[in-house]
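Student:
In the numbering used here, the protein residues as written are 47 to 201.
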């Protein structure tokens with residue numbers, strides 16, 4: 047059964063990579079029928095629901111995925127994205143902070159945190175998120191300076 051499950055999961059991932067979302071969903075549901083707590087199936091079904099605008103369903107799948115794979119920070123980053131779209135900043139913050147507690151160098155989580163802070167407090171406050179990551183912080187500051195110069199050129 048494990049080989050069949052693995053084959054279904056691989057086929058579902060391929061379908062999703064090829065943009066065949068409905069086929070991928072059908073295959074992930076088959077995976078889930080064989081193993082209800084399959085983290086990749088739950089994560090993928092959650093993201094597909096998100097793409098379709100079914101936010102409550104996406105949150106449900108992603109929470110289940112997190113329970114099935116609590117050490118996988120990308121599930122939490124995905125969950126934070128859905129919470130952001132839903133307008134639930136408190137839940138978004140919690141998901142991002144949990145992802146960073148699991149993996150402090152998860153770049154998508156670091157970037158999500160910076161984006162959240164930028165929305166709330168502006169880009170200067172967001173730059174402080176990068177303090178523990180000197181190479182990234184320097185690149186972000188340089189990019190911000192270039193963007194600022196382009197937005198308001200000297201005349």
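Ideal Cβ positions, reconstructed from N, Cα and C, are used throughout, including at glycine.
In the DSSP assignment, find the unbroken alpha helix (DSSP H) run with residue 156 in it and report its ends.
Tutor: Counting from one through the chain shown, the residue named residue 156 turns up at place 110. Residues 153 to 167.
Student: Which residues in the same chain as residue 49 place their Cβ atom closer than 8 Å to its Cβ, once the five residues preceding and following it in sequence are excluded?
Tutor: In the chain shown, residue 49 corresponds to position 3, counting from 1. Nothing meets the Cβ criterion.
Student: What ranges does the beta strand (DSSP E) occupy inside the segment 51 to 84, keeping only unbroken runs of at least 3 residues that lie completely in it?
Tutor: none
Student: Figure out for me which residue from 136, 143, 123 has the closest Cα to the Cα of residue 154.
Tutor: Here residue 154 refers to the residue found at position 108 of the chain shown. Among 136, 143, 123, the Cα nearest to that of residue 154 belongs to 123.
Student: Using a 10 Å radius around the Cβ and a threshold of 16 neighbouring Cβ atoms, would you call residue 110 buried or exposed?
Tutor: Position 64 of the chain shown, counted from the start, is the residue given in the question as residue 110. By the neighbour-count rule (16 or more Cβ atoms within 10 Å), residue 110 is buried.
Student: Rank 76, 152, 99, 66 by C-alpha distance to the C-alpha of residue 121 and give the top, closest one.
Tutor: Within the chain shown, numbered from 1, the residue matching residue 121 stands at position 75. Ranking the options by Cα distance to residue 121, first place goes to 152.
Student: Can you check which of these residues, 93, 56, 64, 63, is closest to residue 76 by C-alpha distance?
Tutor: On the chain shown, position 30 is the one that residue 76 refers to. Residue 56 is the option with its Cα nearest to residue 76.
Student: Near residue 115, which residues of its chain fall below 7 Å by C-beta distance, leaving aside the five closest residues on each side in sequence?
Tutor: By 1-based counting over the chain shown, the position of residue 115 is 69. Around residue 115: 85, 121.
Student: When you compare only the Cα positions, how much space is there between residue 59 and residue 128?
Tutor: To locate residue 59, count along the chain shown from 1; it is residue 13. To locate residue 128, count along the chain shown from 1; it is residue 82. When rounded, the distance between both Cα atoms is 21 Å.
Student: Our contact map puts residue 163 next to residue 148 with C-beta atoms below 8 Å; I'd like the distance itself, whole angstroms only.
Tutor: Position 117 of the chain shown, counting from 1, holds the residue named residue 163. Position 102 of the chain shown, counting from 1, holds the residue named residue 148. With a Cβ gap of about 20 Å, residue 163 and residue 148 do not count as contacting.
Student: Determine the contact status of residue 78 and residue 98, defining contact as a CB-CB distance below 9 Å.
Tutor: The residue labelled residue 78 in the question sits at position 32 within the chain shown. The residue labelled residue 98 in the question sits at position 52 within the chain shown. Not a contact, by the Cβ cut-off of 9 Å.
Student: Write down the C-beta distance between residue 101 and residue 131 rounded to the nearest angstrom, noting that I regard them as a contact closer than 8 Å.
Tutor: Taking the first residue of the chain shown as position 1, residue 101 is located at position 55. Taking the first residue of the chain shown as position 1, residue 131 is located at position 85. Contact holds; Cβ gap of about 6 Å.
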